[in-house]
Structure formats: structure tokens, C-alpha cells
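Protein chains in written order, with the working numbering: chain A, 1 to 326; chain B, 1 to 425.
Encoded structure:
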């Protein structure tokens, strides 16, 4: 069974949200439209909806993350759910209880949704295969594989500014090799019919046969950024310098960093995006990050509405009597 | 014990023999074919009509987990599974715990196998002390203790100077060297580096991790004249390199694991930990080249690469699981399925499972000549059946082939002239 099929019920409705790969445009549009309707909640005097009242959401983070966890927590709380945050260190040196044991224990606390982040690709899917059928699993990042809620908030942000996807040219710049954000975003953009998706990176930061994902490959921003509508910069992890992938941060910034000069190659109204947290002076110049084309903080705001949408859709599908959740 | 195997189709690749005839077994040896030897009084008659009678299978790589990992399996449990699979000889690589780098470990394994009595267990000694790739193991003593060869035990030697000396030293004592080519620096990944690893976000192991090491090793052995066997090849290019070396007359042989002839990288989609193996499952093109290599003889043996695991070892996200497939139970059934689907002659297939590996090891068995050890496998070639977990006799239940249709069913296995397995429906 593939990842795509395990996240859907027999009617093709989302039970879990593990990856954007293989979903239909209808699935993504439903999430985007729902998020749009939920976006107003934050501007109300009482920032809460009763949708998930009485439900318990567990943030199960096996990999440190403050930002993503916080937005999931906020999304759940705005839907009136009870939230439990569990940070489980998984240093390979300390072999604790198995993932399955951890899972069984938390399941026994009668929760309704697991939001999972794990350093191993496929971890969220593993959990979805092993949880009790009434529990929804949301992937908050698994290894290099997928980060589908990030991809959805990215396309949500793009759609608010540039709703005509077929005419859209998007460039994703930086460490594609290790990026779950890039993989999920590429799938989401292709499903929504984006005109052209480009990746820009040195050969060391591109996965094998990356073209098979349906992208155009560029090795230099001078070529790849020309006339694009959206630029998505990826975070560069410091560890990459030691892995013989890059000589230095300075050289990376000089060749690939998004500066005002490079931004000028793109369309005049191009959006600058970044999944955060940003490394100023490594992948992006401060003037660009804080400049008028940057929608980086808007992405953060939108992340809450998008996660609220995904939570209410998946848990809603679990609640249906004909949901085929066995 | 005198055993008469009556009316079976006897296939003996060593003698290119294929005919319906009787086999006479007496005191552990093949006593006659077709003609009843003088003084032969059958104490037991096995009706083999409609069945194939062939040499017992010889498996070039089976990890029995003893000594060291008895929670996974034991020599007794795995040799019993081997017997049920028609396998009468198993080669145990040196990466046990303790490592097979001193005669005492060889002796221990021999004693345990003898006590179990289900199959012959042969050992490969370590090329280097503790398999660390730093200093040579006492290979002469290991040979004297009974090791049929020496090897890297799945931990390739990175230091080329040490490897060169190890090969030279092995040549001195006429030992065949069993190498598993996979560059440690290039093989931290979990999947073949290609479209599937890119989609799944799994760190990749590129084909050059294997072919680069083979190319290096072939250059090294050119002047040493040592016999080298490359185990568990996974890439099309590797088969080409070995074929070219053989054509040049280098004393080089190679094998493939049966799962590499059936599965590809696509079987990892869905992060199936049962398909987590090393070397990784590669592309369809690689799989097809391995099939061709086995068919044309570049790869002289097919093995199970048996690696039984407890269920916890396979339960988790792919990267947290251990590699390997429990393969003794399915070696013959998967091989016969290949032969059926691709029209391979049974003679060829049985050769790769018996006489081929026997020659690589320099064994007196693997054939049905009069006087040979009476290691025999009798199977019904027409039975096809669906593999269920309950069929696996190995303690390791880790198999991606559960639910697959297998071809052929072992009905009897004779080891050293004794009936060690008989199928009961």
C-alpha cells in the first residue's frame, strides 16, 4: 500500500495528512478554501471556534521544533481542542522505548489526533499504519520525505497573491536534497497545475534524478530566477558544510543567496518566501527578507489557518459514520 | 541406512544428467544410479515419481545468528528451516559475535551444527582480525580448523594496503576470498539512489558504491592470482565488470541473492521495512541484468542471503529498522518461480543452486556421482502455492514474499544419507 492510499478512506476522503504526493486537486482546493474561511477567526475578538471541542490533539515531536509545534498548538486551540505537547528526544545513543510502545501509551490516553514530527522519512506513515482507526495523523515533517502542511500554507499564501496557477513560474532555491519542504511543495504545485516549477541548487544539494519530480533544474540563480513569479528560499543547515556538500556559508551566499540584485531578475511583483527559520546572510539578505516582496511573516500567519483547516477536515472525516475507518 | 529413491526425474548438473531413474543411498553416500549396487537392501523406499531428485542446495550466504544474536535465531532453528527448504549446506559468513577469526569459533559452530544434525554448516574465516580491516587474521589456522574460505563478512576493507596484503596472504594458503563489494563511505543510505529514493526522501546508495569497489578489487587481484568471489551483487554494471574479468581469465566468481532477482526499488514505496536490504534493491534494469547474469553463468550461484530478525527489528520507520530478509524457506520456491516465468531449463537453475556454489567452494558435494555425499533434495516441481507467515520455519518471520505465489514444493531432504525432512500435507 502506498502512502497516498493509506491517508484516504474508501470514498477518497482525507483521514490522515501524510504527504501531498498523489492527492487530487479537489483535496488541496478543499483545504485551501476551508483555510480561507478560517482565516478570519484570528481577527475576531474571541479567536475560537467550537469545531474540535472535546477532542484531544497530541503534538508528538521526536525532533526539536518550536515554531512548527507552536503553530499546530495554536491551530488546535483555536478550534477548542485540548492540546498535549510531547517532546521525545531520539538521540540514537539513548535507545529508549520503541516508537510503537510510545504510540500505544499515548493512544491509551484516548487522544483523537497525533501531529508527528520525526527525523526518519516514513515515520508519519508508519504511525498512521499502526494507530487505532479513530485517530487522525498529521505529518509535521518526516526526515527528508514530506512536510505537507508547510506546502499547503505555501500554496495558500501564493494563491492569495497570485491565484492563476497555470501562468505561475515558481523557483525553489537551496538545499533540495535534504528538504521535505521542497518535496511536498513540488507535489502540491504540480497538483494545482502550476505552469513551471524550477529548482536552483549546486549539484551537491540536488537529489538523484530530481527532474522525475516534474521540475526544471538550474544550477545558477542568474539563469533560474529570470522572470519567476515566486521565489522559495530553503533553509541551509549548518551541518551541510561538514558533509563535504558545500565549501562555506560565504561561498553559498555569494553564489545562491537571495540579494536585491538577484531578486531584480525575477518579475517585478515576485513573492519572496521562506519556510523559516531564516539564516540571514546565508541564504537570504536581510534587505530582501524584510523587503516589500517578502511574504515570510504572512506565511507564518497563514500556517495557523491552514493547519486549522487540515485538522477539521481530517477529524471531520473520521467522525462520519460511513467513513470506512476500519 | 540404505534408502532407495524410486522413479524420480534425476537432475545432476555436474554430469549433465537428466533422466527418470532410481537413486541408491547407502551409509551416507550415493551408492548407485539406475543400477542397484551389490548387497543393497533398501530399509526405506521413497516414491519420487513425478518429482525431481537433485543435489541438496548449497547456500553461499546464510546468517544463522549464532553465536552472538541467539534472540534472532540459532543454528538449530535455522538448519531445520534449511532442511525444509531443500538446503543441505549453508555457508556462514564470519561476522558472528565473536567473529570467526580463531579456530575456537569454527569449532563451536561445527559442534552446534553437528548436534542439530539438520544440515552441513560451513564457515568462512575473517580476512582481518575482528573484521576491523586493520591486521590480518590467522588465516592458515582458520583453514586448518575447517574454514572453506575467508571473507570480509559484509564489512568491506577500506584500507587498500591491508586488502592487498590480505589477498596475498590468502593466496599463499590457497584460500578463496569472499568479498562483499560496497564502499562504506558511500553506503550510509537506505535505498538505491534514484527516482524512488528521491521521492521517498530516503538517503541513497548509488551504484558506484558497489561497482567502484569491484573495479578496485579486480585491479588488485590481477597480479596476485587469488581466487575471489563477489557476494550479493546488485547492479547491472557489476555483472558487466565480473563478466569482463572472467573473459580475461581472472579467477573471479560471483553470486546474487534471490530477492534481488525478484524485487526492485519500487517495492520500497510505502516504506516497507521488509524490503530494507543491503545492498539495496535497485532498478528494474539492474534486476534484469542480474537475472541474465544468473542465466548465462556470469553469476555462478544464487543464494538466500538469509538474515532472520525478531519482529521488533523490522517494526519502525524504515531508517530505524535492520536490513535483511529471512530467505531459507523461500530460496527454492522463488528460484523455481523465476525458472517457470522465464523458461530457464531446470538443469541451469539447479546448477546455480548446487554444483555452481560447490565449485566456488571447492566441495566434494553438490553432485550425484557415485561416492558423493548423499545430500539430496526431492521436490514436486508442479506444486504452486501461496506463502503464508505460518509456512516459515525460520525463526525470522521477516519476508517481503508473504502472500507471493511460489513454485515447487520440497517433499524430502536427505543430508549425509539421512532423511532430515519429509513434507507432511
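Note that CB positions come from ideal geometry on N, CA and C, so glycine has one too.
Assign residue 285/A to one of two classes, buried (16 or more other C-beta atoms within 10 Å of its C-beta) or exposed (fewer than that).
It counts as buried.
Are residue 134/B and residue 162/B closer than 8 Å when you measure CB to CB?
For residue 134/B and residue 162/B, yes; Cβs fall inside 8 Å.
Tell me the DSSP secondary structure of residue 100/B in three-state form.
Correct three-state label for residue 100/B: coil.
Restricting to runs no shorter than 4 residues, where is the alpha helix (DSSP H) found entirely within the stretch 322-354 of chain B?
Here the runs fully enclosed are 331-342, 346-353.
In angstroms, rounded to a whole number, what distance separates the CA positions of residue 258/A and residue 184/B?
Each residue's alpha carbon lies about 37 Å from the other.
What are the boundary residues of the beta strand (DSSP E) that includes residue 118/A?
Looking at the DSSP string, the run of the beta strand (DSSP E) that includes residue 118/A is 113-118.
Considering only their Cβ atoms, is the gap separating residue 288/B from residue 400/B smaller than 8 Å?
Cβ distance not < 8 Å, so residue 400/B and residue 288/B don't count as in contact.
For residue 80/B, the nearest candidate out of 68/B, 64/B, 71/B, 70/B (CA to CA)
Nearest neighbour of residue 80/B by Cα position, chosen from 68/B, 64/B, 71/B, 70/B, turns out to be 64/B.
Counting pairs of Cβ atoms below 8 Å between the stretch 99-115 of chain B and the stretch 51-60 of chain B, do you hit three or more?
No, they do not touch.
So for residue 244/A, helix, strand or coil by DSSP?
In the structure shown, residue 244/A sits in coil (DSSP, three-state: anything other than H, G, I, E or B).
Quick check for students: name the residue ranges of the beta strand (DSSP E) that lie wholly in the stretch 223-269 of chain B, counting only runs of 3 or more.
Within the stretch 223-269 of chain B, complete beta strand (DSSP E) segments of at least 3 residues are found at 228-230, 252-257, given in chain order.
Quick check on the burial criterion: 16 or more other C-beta atoms within 10 angstroms. Buried or exposed for residue 110/A?
When all chains shown are included, residue 110/A counts as exposed.
At a CB-CB cut-off below 9 Å, which residues of chain B make contact with residue 144/A?
Taking the beta carbon of residue 144/A as reference, the chain B residues within 9 Å of it are 200, 201, 202, 203, listed in sequence order.
Please go through the same chain and pick out, in chain order, the residues whose beta-carbon is closer than 6 Å to the beta-carbon of residue 181/A, but skip the five residues on each side of it.
By the criterion of a C-beta distance shorter than 6 Å, residue 181/A is surrounded in its chain by 147, 150, 275, once the five residues flanking it on both sides are discounted.
Can you check whether the C-beta of residue 72/A is within less than 8 Å of a C-beta belonging to chain B?
Not a single C-beta of chain B is nearer than 8 Å to the C-beta of residue 72/A.
Taking any Cβ of chain B, which residues in the stretch 50-81 of chain A have a Cβ under 7 Å from it, in chain order?
So nothing in the stretch comes that close.
Roughly how many angstroms lie between the CA atoms of residue 192/A and residue 166/A, to the nearest whole one?
Whole-angstrom Cα-Cα distance: 8 Å.
Cβ neighbour criterion (16 or more within 10 Å) applied to residue 45/B
Exposed, by the Cβ-count rule.
Evaluate residue 248/B with the Cβ neighbour count: other Cβ atoms within 10 Å of its Cβ, from every protein chain shown; 16 or more gives buried, anything less gives exposed.
In the assembly as shown, residue 248/B is an exposed residue. Its beta-carbon has fewer than 16 other beta-carbons within 10 Å.
Option in 127/A, 230/A, 177/A, 144/A with minimal Cα separation from residue 164/A:
Out of 127/A, 230/A, 177/A, 144/A, the CA that lies nearest to the CA of residue 164/A is found in 230/A.
In chain order, which alpha helix (DSSP H) runs of at least 4 residues are fully inside the stretch 215-294 of chain A?
If only complete runs of 4 or more residues are kept, the stretch 215-294 of chain A shows the alpha helix (DSSP H) at 221-224, 249-256, 260-263, 286-289, in order along the chain.
Based on DSSP bridge pairs, tell me the residues matched to residue 173/A.
Per DSSP, 200/A, 233/A.
Three-state secondary structure (DSSP) at residue 452/B?
Outside the shown range of chain B, which is 1 to 425, sits residue 452/B, and nothing can be said about it.
Could you please give the first and the last residue of the uninterrupted alpha helix (DSSP H) stretch that includes residue 208/A?
Neither: residue 208/A is in no alpha helix (DSSP H) and is coded neither H nor E.
May I ask you to report which of helix, strand or coil DSSP gives residue 40/B?
Residue 40/B falls in the coil class under three-state DSSP.
Look at the Cβ atom of residue 202/B, then the Cβ atom of residue 121/A, and state whether they are nearer than 8 Å.
Yes; because the gap between Cβ atoms is below 8 Å, this pair is in contact.
Using a Cβ-Cβ cutoff of less than 7 Å, which residues in the same chain neighbour residue 224/A once the five nearest sequence positions on both sides are dropped?
Excluding its 5 nearest sequence neighbours in each direction, residue 224/A has C-beta neighbours in its own chain below 7 Å: 171, 198, 200, 218, listed in chain order.
Going straight from the alpha carbon of residue 87/B to that of residue 56/B, what length do you get?
Going by the C-alpha atoms only, they are around 5 Å apart.
Partner residues on chain B for residue 125/A, Cβ-Cβ distance less than 7 Å:
One finds 271 in chain B with Cβ atoms closer than 7 Å to the Cβ of residue 125/A, taken in chain order.
Proximal residues of chain B, C-beta to C-beta of residue 183/A below 7 Å:
Ordered by position in chain B, the residues that pass the 7 Å Cβ test against residue 183/A are 201.
Can you name the start and end residues of the alpha helix (DSSP H) that residue 101/A belongs to?
99-107 is the extent of the alpha helix (DSSP H) around residue 101/A.
For the stretch 31-40 of chain A against the stretch 302-320 of chain A, do three or more pairs of beta-carbon atoms, one drawn from each stretch, fall closer than 8 Å, so that the two count as touching?
Yes, the stretch 31-40 of chain A is in contact with the stretch 302-320 of chain A.
Kindly say whether residue 11/A, judged by its beta-carbon, lies nearer than 8 Å to any beta-carbon of chain B.
Cβ-Cβ to chain B under 8 Å: no for residue 11/A.
Assign residue 317/A to one of three DSSP states: helix, strand, or coil.
Residue 317/A carries a helical assignment under DSSP once its states are collapsed to helix, strand and coil.
For the beta strand (DSSP E) that contains residue 41/A, what are its first and last residues?
According to the DSSP assignment, residue 41/A belongs to no beta strand (DSSP E), since it is labelled neither H nor E.
For residue 24/B: DSSP bridge partner residues:
As DSSP reads the structure, residue 24/B sits in a beta bridge with 4/B, 32/B.
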